[in-house]
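The structure appears right after this line, and notes come after that.
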Amino acid sequence: MQHDRSIRRYRTWYATLVRLYPKPYRECFGEGMEQTFGDMLRERQGASRELLGFALWIFVETFAGIIREHLTRISMQTTIKRLSIWAVLVVAILMIPLLAQWPWTRGDFVFAVVVLFGSALLYELIARTSGNAAYRFAVGMAVAAMLLLAWVNGAVGIIGGSDVNVLYAGVIFTLFIGAIIARLKPRGMSYVLFAAALVQFAIPVIALIIGTPDFAPGVVRVFTLNTFWVMAFVGSALLFRQASAANSRPTA
Amino acid sequence: MPKTIANTPLTPAVLHILLALSAIERHGYGIMKQVEADSQGKVAMGPGTLYGSLSRMIEAGLIRESDKKIDPAIDDERRIYYKITGLGQKALAAELERYREVVAVAKRLSSNTFGYAA
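First to last, the sequence lines map onto chains Z and W.
Its first residue numbered 1189, the first sequence is counted upward by one per residue in the numbering used here.
Its first residue numbered 450, the second sequence is counted upward by one per residue in the numbering used here.
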C-alpha cells in the first residue's frame, strides 16, 4: 500500500519532469515514457527493491535526455533560421535588377538565384563542420571570392568579352576537386586555396602568351582586377593555415 | 548521402532495439526488457535514452509506431507499440554482416598470431 502511494507520487513527479521536453517530442513520447517509468517502478516493487534511489537515477537520466533533445532542436532551428535569412537576402538582392528594370532575362535571374543561394548553402554546409573562427572566415572568404568570380564572368568577363574567360572555370574546378581531395581539412584546404590563387594568376598570363586579341579593359587593369581574386584566395589560404595551426596546438 | 543512423555503424542502443523489434512489435517497456535480456543486463536503458533512440530511429525510418493497444500482461493502459520497417531490417542485416566480417578477421588473426582459433 505504502509502495503503491510512492509509485503514484514518483509517477506524478516524473510527468512534471517530462513536461520539460520540447512540445513535439513530449506529444509523441511523453505518455509512453510515463508508462514505462511506472512499469519499471512496479517491477522493482514486485522484486521488493528500494524505489527512491532508482527513481532519482531515472530522473537524472531523463533530465539528460531533456537537455539533449533541446540542444538537437536548437541546432536544427539555427540551421533553418540561417538558411531563411540567406533566402531573404537573395530575394532582396534580386529585387534590385527587378525594380531598376535592368534588361535581365529569366535565365539571368535563374543564374543569380543558383549562384547566390548555392554560395550561401555551400558556406553553411562547410563552415558548420568547424567551430574555429579562422576556418569559418576562410570558408566565407573563399566562397565570396568564388561567387564574385562566377558573377563577373557571367556578366561581362574579366578579360573583356573574350572566350579566354572560360579558363576561369579552372579556378572553380581546382577549388571543388581540391576540397574533395582535402576532405575540407584546414591544412589541405590551405594548399587548395594557394593552388586556386596560382591558377587565377596564371590565366591572364596564358591569355597574353596565346595573344588574346580582345584584352579589354587593358593589360594593366586586367592584371589589377585579377590580383583582387589572387589576394582573396591567398588570404583564405592563410586563414586555413591559421585554423590548422590552432587545431594542431596541444590543449592544456 | 547524408550521414544518418541508418547508414553508419549502429550504436549499441540502436542495434539492440532493432534486434528486440526484429521478430515482433513491442511497446517501450517491452523493448527495454528484451534489450536487457538479449544483452544479459549489459545494456541498461532508462526511458530518456530509450525514447531518445526511438525518436531518432523513427526519424531515420528504421522503425515506426504501430497500434496503441493494451498489454494484458501488465495492466489495462493502452500503449504505443513500435515495429521495425523494411529499412530497419536492411540496416540490421548490414550491421550483423559487418559484425560477422569483424569476427572472421579476428578469428583469422588470432589463429595466425597465437596458433589457436578465437
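Beta carbons: idealized from backbone N, C-alpha and C, even for Gly.
DSSP has residue i in a bridge; who is on the other side?
i                  : result
Ile512 of chain W  : W:Ile533
Arg1371 of chain Z : None, per the DSSP bridge assignment.
Lys482 of chain W  : None, per the DSSP bridge assignment.
His476 of chain W  : W:Tyr530
Ile519 of chain W  : W:Arg527
Under 8 Å by Cβ, that's how I've got residue i and residue j pegged, so tell me the actual separation to the nearest angstrom.
i                  : j                  : result
Glu1257 of chain Z : Pro1291 of chain Z : The pair is not a contact, with the Cβ atoms about 52 Å apart (cut-off 8 Å).
Ile1195 of chain Z : Leu1240 of chain Z : At roughly 11 Å, the Cβ-Cβ gap does not stay under 8 Å, so Ile1195 of chain Z and Leu1240 of chain Z are not in contact.
Ile1347 of chain Z : Phe1403 of chain Z : 6 Å
Ala1275 of chain Z : Phe1299 of chain Z : Between Phe1299 of chain Z and Ala1275 of chain Z the Cβ distance is about 17 Å, and since that is not below 8 Å, they are no contact.
Ser1432 of chain Z : Arg1375 of chain Z : 4 Å
Tyr531 of chain W  : Glu514 of chain W  : 6 Å
Val1327 of chain Z : Ile1314 of chain Z : 5 Å
Gly537 of chain W  : Leu459 of chain W  : Gly537 of chain W to Leu459 of chain W, Cβ: 10 Å. No contact.
Ala1338 of chain Z : Ile1365 of chain Z : Not a contact, Cβ separation roughly 16 Å.
Phe1217 of chain Z : Ile1246 of chain Z : Contact doesn't hold; Cβ gap of about 15 Å is too wide.
Leu1355 of chain Z : Val1303 of chain Z : Not quite, the Cβ-Cβ distance comes to about 19 Å (not below 8 Å), so this is no contact.
Pro1392 of chain Z : Phe1411 of chain Z : 6 Å
His476 of chain W  : Arg528 of chain W  : 4 Å
Gln1388 of chain Z : Val1418 of chain Z : 5 Å
Rounded to whole angstroms, what's the CA-CA distance from residue i to residue j? Just pull it up for me.
i                  : j                  : result
Val463 of chain W  : Met506 of chain W  : 8 Å
Ile1254 of chain Z : Phe1242 of chain Z : 18 Å
Ala509 of chain W  : Thr534 of chain W  : 10 Å
Asp1192 of chain Z : Gln1223 of chain Z : 15 Å
Glu1312 of chain Z : Leu1427 of chain Z : 17 Å
Ala567 of chain W  : Ala555 of chain W  : Per-residue confidence for Ala567 of chain W stands at a pLDDT of 49, beneath the threshold of 50, marking its modelled position as unreliable; the derived number appears in the next sentence. Straight-line Cα distance between these residues: approximately 7 Å.
Met450 of chain W  : Gly1319 of chain Z : Because Met450 of chain W carries a pLDDT of 39, less than 50, the predicted location of this residue cannot be relied on, and the following value inherits that uncertainty. Straight-line Cα distance between these residues: approximately 23 Å.
Ala1440 of chain Z : Leu1310 of chain Z : Because Ala1440 of chain Z sits at a pLDDT of 39, beneath the cut-off of 50, its placement in the model cannot be relied upon, and the point is left open.
Lys452 of chain W  : Ala1357 of chain Z : With a pLDDT of 49 at Lys452 of chain W, under the threshold of 50, the modelled position of this residue cannot be trusted, and the question is left open.
Ala1370 of chain Z : Ala1384 of chain Z : 13 Å
Glu1215 of chain Z : Arg1270 of chain Z : 27 Å
Ser471 of chain W  : Arg1199 of chain Z : 30 Å
Ser1350 of chain Z : Phe1421 of chain Z : 23 Å
Ala1332 of chain Z : Trp1201 of chain Z : 53 Å
Lys491 of chain W  : Ala469 of chain W  : 15 Å
Asn1353 of chain Z : Leu558 of chain W  : 58 Å
Leu545 of chain W  : Met1377 of chain Z : 37 Å
Val1380 of chain Z : Leu1363 of chain Z : 6 Å
Tyr548 of chain W  : Leu541 of chain W  : 11 Å
Ala553 of chain W  : Gly1220 of chain Z : 40 Å
Ser488 of chain W  : Met481 of chain W  : 11 Å
Leu1205 of chain Z : Val1248 of chain Z : 10 Å
Lys588 of chain W  : Pro496 of chain W  : Examination of residue 588 of chain W is not possible in this model, given that chain W is present from 450 through 567 alone.
Gln1233 of chain Z : Leu1244 of chain Z : 15 Å
Pro521 of chain W  : Ser560 of chain W  : 51 Å
Glu474 of chain W  : Pro1212 of chain Z : 23 Å
Met1329 of chain Z : Ser504 of chain W  : 38 Å
Ala1235 of chain Z : Met1264 of chain Z : 43 Å
Ala543 of chain W  : Phe1297 of chain Z : 46 Å
Val1278 of chain Z : Thr1260 of chain Z : 27 Å
Arg1237 of chain Z : Asp1227 of chain Z : 14 Å
Val484 of chain W  : Ile519 of chain W  : 21 Å
Arg1409 of chain Z : Pro1285 of chain Z : 27 Å
Gly1441 of chain Z : Val1344 of chain Z : Any answer about residue 1441 of chain Z is impossible in this case: the structure gives chain Z only from 1189 up to 1440.
Arg1324 of chain Z : Ala1395 of chain Z : 34 Å
Thr1250 of chain Z : Thr498 of chain W  : 7 Å
Arg1316 of chain Z : Ala486 of chain W  : 40 Å
Could you check where the alpha helix (DSSP H) with residue i kicks off and where it finishes?
i                  : result
Asn1341 of chain Z : 1321-1343
Trp1290 of chain Z : It is not in any alpha helix (DSSP H) - Trp1290 of chain Z carries neither H nor E in the DSSP assignment.
Tyr1311 of chain Z : 1294-1315
Phe1217 of chain Z : 1211-1234
Ile466 of chain W  : 461-470
| field | Members of the segment 481-509 of chain W near chain Z, C-beta cut-off 9 Å | value | Met481, Lys482, Met494, Gly495, Pro496, Gly497, Thr498, Leu499, Tyr500, Gly501, Leu503, Ser504, Arg505, Ile507
Selection of the segment 1249-1261 of chain Z by Cβ proximity to chain W, strictly under 9 Å: Glu1249, Thr1250, Phe1251, Ala1252, Gly1253, Ile1254, Arg1256, Glu1257, Thr1260
Between the segment 1190-1202 of chain Z and chain W, which residues of the former have CB atoms less than 7 Å from a CB of the latter, in chain order?
none
Taking any Cβ of chain W, which residues in the segment 1261-1285 of chain Z have a Cβ under 9 Å from it, in chain order? none
Looking at chain Z, which residues of the segment 512-530 of chain W have a Cβ within less than 7 Å of any of its Cβ atoms?
Ile523, Glu526, Arg528, Ile529
Problem set entry | Near-chain Z residues of the segment 537-562 of chain W - C-beta to any C-beta below 8 Å | none
(request) Identify each residue in the segment 1209-1229 of chain Z for which the Cβ-Cβ distance to at least one residue of chain W is less than 8 Å, and report them in chain order. (result) Tyr1213, Cys1216, Phe1217, Glu1219, Gly1220, Met1221, Gln1223, Thr1224, Phe1225, Asp1227, Met1228
Check your understanding: Mind listing which residues of the segment 1314-1328 of chain Z have their C-beta closer than 9 Å to chain W's C-betas, in chain order?
Key -> none
Contacting positions in the segment 1236-1250 of chain Z - beta carbon closer than 8 Å to chain W
Trp1245, Ile1246, Glu1249, Thr1250
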